[in-house]
Every structure is written in structure tokens, then in C-alpha cells.
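Here is the structure we will look at, set down as C-alpha cells.
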Amino acid sequence: MTDDATLSDFDAAAGADDETLDSAREERDSAADPAEAADESAEAGANDAPHWTYAWGDYTCSRCDSPTERAWRADGEGTDSVCPDCKSW
1 MTDDATLSDF DAAAGADDET LDSAREERDS AADPAEAADE SAEAGANDAP HWTYAWGDYT
61 CSRCDSPTER AWRADGEGTD SVCPDCKSW
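Oh and the sequence shown: position 55 is 55 in UniProt numbering, straight run, nothing missing.
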């Protein structure tokens with residue numbers, strides 16, 4: 001291919017027929033059943049919930065008691081939210 005090839009040049013070079021593409025699509029679509037995925041996520045348990053590290057809204061810093069619109073978790077673990085000035089970077 002040259003540097004100034006068109007998209008149709010790539011289509012002709014690939015030589016893929018419609019049957020191959022259709023069978024690949026069917027295989028991909030049937031591989032993940034949404035009902036099975038829901039069952040697997042329910043089995044994972046409630047303890048697997050993600051934890052927030054940053055939040056925006058109306059918060060009060062747990063260290064200096066000042067209002068802030070941006071809050072981070074104080075130590076990256078607990079639930080104490082701190083303002084940008086009190087966050088240890």
C-alpha cells in the first residue's frame with residue numbers, strides 16, 4: 001500500500017467475504033449471555049464494591065471543618081473526606 005491509499009483499497013486487499021464476517025459477529029454476540037453475567041456478578045458479593053478516592057459536591061473537610069466542593073479520602077482507605085489543602089500528597 002502507498003501512503004495515500006483510500007479506505008476502499010484496504011477493503012479490497014482484505015478479501016473478507018460477508019459469510020466470514022457474519023459468522024464472526026454471531027460468535028461474538030452469542031459468547032456473552034447477559035443473564036449469565038448478571039448471575040456471576042450477584043455471586044461476587046457486596047464486599048467487592050469499588051471505593052471512591054475523589055468526590056465533588058458539598059462536603060466538609062474532616063480535618064479543618066471548612067466547606068469544600070472537592071474532597072478526597074484522607075488516607076485513601078477510610079470514609080473521612082478532606083479538602084485539597086489537608087490532603088497529604
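Built from N, CA and C at the ideal position, the CB exists for glycine as well.
Model, not experiment: these values are computed from the prediction.
{"query": "Closest Cα partner of residue 62 within the set 53, 72, 76, 80", "result": "80"}
{"query": "Three-way DSSP call (helix, strand, coil) for residue 88 in this model", "result": "coil"}
{"query": "Span of the beta strand (DSSP E) around residue 52", "result": "Element bounds for residue 52: n/a, residue is neither H nor E."}
{"query": "Beta-carbon gap between residue 73 and residue 52 smaller than 8 Å", "result": "yes"}
{"query": "For residue 80, the three-state DSSP class (helix, strand or coil)", "result": "coil"}
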